[in-house]
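Going down the list, the sequences are from chains B and F.
Residue numbers 1 to 149, in our numbering, belong to the letters of the first sequence in order.
Residue numbers 1 to 99, in our numbering, belong to the letters of the second sequence in order.
Ideal Cβ placement from N, Cα and C applies to all residues, glycine included.
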Amino acid sequence: MPLPHLMSPERRTRIAVVNDDPEFLGLVEQLLEAEGPYEVFTFRDEETRLGEIRAIDPEVILIDVLTASLPTGWELALLAGADDQLGPVPVIVTSPDVPGLGHRVEELREVANVRVVSKPFTTEELRRSVHEALTEAGPAGRGTPEPTS
Amino acid sequence: MGERTTPIQREQLVRRQQMRIRTIAVSFAAAVTSARQDMDVGPAERDALIETWRSWSLGILEGYATELGEVPASDEGADDDLAGVRSALAEAIDRVRSA
Numbered sequence: 001m002p003l004p005h006l007m008s009p010e011r012r013t014r015i016a017v018v019n020d021d022p023e024f025l026g027l028v029e030q031l032l033e034a035e036g037p038y039e040v041f042t043f044r045d046e047e048t049r050l051g052e053i054r055a056i057d058p059e060v061i062l063i064d065v066l067t068a069s070l071p072t073g074w075e076l077a078l079l080a081g082a083d084d085q086l087g088p089v090p091v092i093v094t095s096p097d098v099p100g101l102g103h104r105v106e107e108l109r110e111v112a113n114v115r116v117v118s119k120p121f122t123t124e125e126l127r128r129s130v131h132e133a134l135t136e137a138g139p140a141g142r143g144t145p146e147p148t149s
Numbered sequence: 001m002g003e004r005t006t007p008i009q010r011e012q013l014v015r016r017q018q019m020r021i022r023t024i025a026v027s028f029a030a031a032v033t034s035a036r037q038d039m040d041v042g043p044a045e046r047d048a049l050i051e052t053w054r055s056w057s058l059g060i061l062e063g064y065a066t067e068l069g070e071v072p073a074s075d076e077g078a079d080d081d082l083a084g085v086r087s088a089l090a091e092a093i094d095r096v097r098s099a
């Protein structure tokens with residue numbers, strides 16, 4: 001349950017972005033903050049703990065999953081999906097290996113509201129995916145801000 | 001496009017185009033790095049994937065170049081702004097071609 005001070009009208013929609021590539025993190029942060037009333041929190045894969053994501057109380061989690069054989073991003077997505085607080089939060093998985101993820105995406109869908117964005121991608125694809133995730137999340141997502149462009 | 005742009009519209013267009021260009025270059029580079037370091041596929045399949053992404057990325061960037069060619073200059077500053085976008089576009093295309 002979010003803390004009351006996090007529900008203030010001034011609060012922007014919070015997006016947690018987990019990735020091991022600093023350039024990619026910088027890009028997504030700049031892109032999303034330019035697109036709408038989003039506040040982006042970035043995390044490096046190898047340093048990220050679920051508690052850190054929980055602490056910012058995000059409306060969307062964007063996690064990079066390189067391949068199904070690598071546990072880091074994948075396990076984090078599964079843990080977030082199974083978490084009491086983060087479970088209802090939509091998860092956007094970015095990956096260059098969408099076919100390789102295969103049945104594991106279905107596994108993740110059993111515990112989380114998940115959508116997949118294939119890398120490489122356009123600004124429009126990422127923006128649309130975030131907007132759709134927020135729209136589908138409805139009140140649980142605490143608002144559905146329109147992109148500014 | 002095709003109409004004269006104001007300086008504010010032009011600034012927004014430039015910023016938007018710079019971001020679109022950067023998104024393609026960075027997300028392509030990230031995908032290639034992942035494929036080379038982490039993806040559990042054979043070399044032939046990996047190379048084929050990279051070439052597919054490269055072709056897609058170059059197609060998108062060429063589309064941006066076409067859009068840019070349709071923007072009329074509104075004043076002297078417009079040429080400088082558009083030159084900056086064209087330069088970013090050329091760098092992104094080089095990066096995608098050489099990655």
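When secondary structure is reduced to three states using DSSP, R14(B) falls in the strand class. Among the CB atoms of chain B, one or more fall inside 8 Å of the CB of D38(F). In summary, the residues of the region 18-29 of chain B whose CB is separated from some CB of chain F by less than 7 Å are D21, E23, F24, L27, in the order they occur in the chain. By the 16-neighbour rule on beta-carbons within 10 angstroms, P22(B) is exposed. Scanning its chain for C-beta atoms nearer than 6 Å, with the 5 sequence neighbours on each side dropped, one finds around V28(B) the residues V17, in chain order. In this structure, the alpha-carbon of S27(F) lies about 32 Å from that of D84(B). Cα atoms of R22(F) and D94(F): separation of roughly 12 Å, rounded to the nearest angstrom. According to the DSSP assignment, E39(B) belongs to the beta strand (DSSP E) that extends over 38-43. With contacts defined as CB atoms closer than 8 Å, A77(B) and V65(B) qualify as a contacting pair.
No residue range can be given for L86(B), since it is assigned to no alpha helix (DSSP H) and is classified by DSSP as neither H nor E. In this structure I53(B) is not in contact with A82(B), their Cβ atoms being roughly 13 Å apart against a cut-off of 8 Å.
Of all residues in the region 22-38 of chain F, the ones placed with a Cβ closer than 9 Å to any Cβ belonging to chain B are R22, T23, I24, A25, V26, S27, F28, A29, A30, A31, V32, T33, S34, A35, Q37, D38, in chain order. At a C-beta separation below 8 Å, G100(B) has these neighbours in chain F: M39, D40, V41.
Across the region 41-70 of chain F, CB contacts with chain B closer than 8 Å involve V41, L49, W53, W56, S57, I60, in sequence order along the chain. Contact check for E39(B) and R14(B): beta-carbon distance about 5 Å, within the 8 Å limit, so the pair qualifies. In this structure, the alpha-carbon of L82(F) lies about 24 Å from that of R127(B). Annotation: T42(B) to K119(B) spans about 18 Å, alpha carbon to alpha carbon. The criterion of a C-beta distance shorter than 8 Å is satisfied by Y64(F) and Q17(F). If you check the CB distance, A92(F) and A25(F) come in under 8 Å. Annotated three-state conformation of L108(B) is helix, per DSSP. CA-CA distance, D38(F) to V96(F), rounds to 19 Å. Chain order gives the chain F residues near T123(B) as M19, R20, T23, where near means a beta carbon separation below 7 Å.
Straight across, the Cα-Cα distance linking T6(F) with L68(F) is about 15 Å. Within 7 Å of the CB of L50(B), no CB atom of chain F is found; the nearest one sits about 22 Å away.
With respect to the 8 Å criterion, D20(B) and R44(B) are classified as neighbours on the basis of their beta carbons.
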